[in-house]
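Reading through the structure tokens given below for one structure.
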């Protein structure tokens, strides 16, 4: 690997981490020696790249530093193209347009010899087939999630049972054939998922969620981990106690 490429990769490693990264970890990822990493860090600092830290503790990159947008590898172009293709083929119309816009912006700044990799990527994904039509605006739901506002839903489940719920919207999940809203349900006092094509009506309330949405999302994700471990028998928590232990700490 050329030194210039190695310096770029070190910046990338530091940029994607929120914690100090040791020279040993950097050397392992780049398949080089710690001594080379120390020299490269010194070179970056000499070029006024805002790297802080010291040997044995780790290094961090100050926020606000960025690199020119043209420095993408072919694998990074494939990753961007694959992700944008999936979103364009599976997400709601607003996100699908945003994905196409992202590809157009990247194409406009790529050098000519790299643009072909974006136009004709080596990785691809088919569009969704027989996807149901959402009965609620996913873009409006994302706005409610960002503003931490409650929703009042009228919902019809798979069996045709209707119910009215007041929920705290947290995440929209994008599956191959459907989209679901993950929310805390005040009626059930638990996390619940609601398919967007089965929401009969949604009232966007001014009432704010009384807890930190980011903490709730972390809590919900921990339930997925617990359920997955219980399903394969690796969890020390009995299956019937998972909800009690995670939802009611």
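Residue numbers (our numbering): 166 to 414.
Each residue gets a CB set at the ideal place from its N, CA and C atoms; glycine is no exception.
Here the structure is a predicted model, which is why all the values come from computation and not from measurement.
Short Cβ contact (8 Å threshold) for residue i with residue j
i	j	result
residue 284	residue 257	no
residue 367	residue 318	yes
residue 309	residue 230	no
C-alpha gap between residue i and residue j, whole angstroms
i	j	result
residue 293	residue 272	25 Å
residue 220	residue 171	18 Å
residue 226	residue 202	15 Å
residue 344	residue 336	10 Å
residue 234	residue 240	At residue 234 the pLDDT is 49, less than 50, meaning the model places this residue with poor confidence; the figure from the coordinates comes in the next sentence. Looking at the two C-alpha atoms, the distance is approximately 15 Å.
residue 282	residue 242	7 Å
residue 216	residue 224	7 Å
residue 363	residue 321	5 Å
residue 173	residue 248	23 Å
residue 199	residue 207	12 Å
residue 384	residue 183	20 Å
residue 228	residue 303	32 Å
residue 191	residue 179	9 Å
residue 325	residue 245	40 Å
residue 267	residue 311	21 Å
residue 338	residue 253	15 Å
Buried versus exposed call for residue i [16 or more other C-beta atoms within 10 Å across all chains shown]
i	result
residue 376	exposed
residue 212	exposed
residue 359	buried
residue 340	exposed
residue 315	buried
residue 374	buried
residue 222	exposed
residue 269	exposed
residue 390	exposed
residue 274	exposed
residue 188	buried
residue 288	exposed
residue 380	exposed
residue 342	exposed
Proximity winner among the options, relative to residue i (alpha-carbon distances)
i	options	result
residue 205	168, 240, 181, 239	168
residue 176	198, 183, 187, 209	209
residue 265	274, 250, 277	250
residue 323	385, 365, 380	365
residue 331	382, 312, 338, 354	354
residue 259	311, 218, 296, 305	305
residue 352	291, 333, 381	333
residue 445	328, 237, 371, 290	The question about residue 445 has no answer here: the residues shown for the chain are numbered 166 through 414.
Extent of the continuous alpha helix (DSSP H) to which residue i belongs
i	result
residue 248	239-255
residue 345	Counting along the chain, residue 345 falls outside any alpha helix (DSSP H), though it belongs to the beta strand (DSSP E) covering 344-350.
residue 282	277-284
residue 365	Looking at the DSSP string, residue 365 is not in any alpha helix (DSSP H); the run it does join, the beta strand (DSSP E), is 364-373.
residue 201	199-211
Residue i - containing beta strand (DSSP E), residue span
i	result
residue 334	327-339
residue 180	It is not in any beta strand (DSSP E) - residue 180 instead sits in the alpha helix (DSSP H) that spans 168-180.
residue 219	216-219
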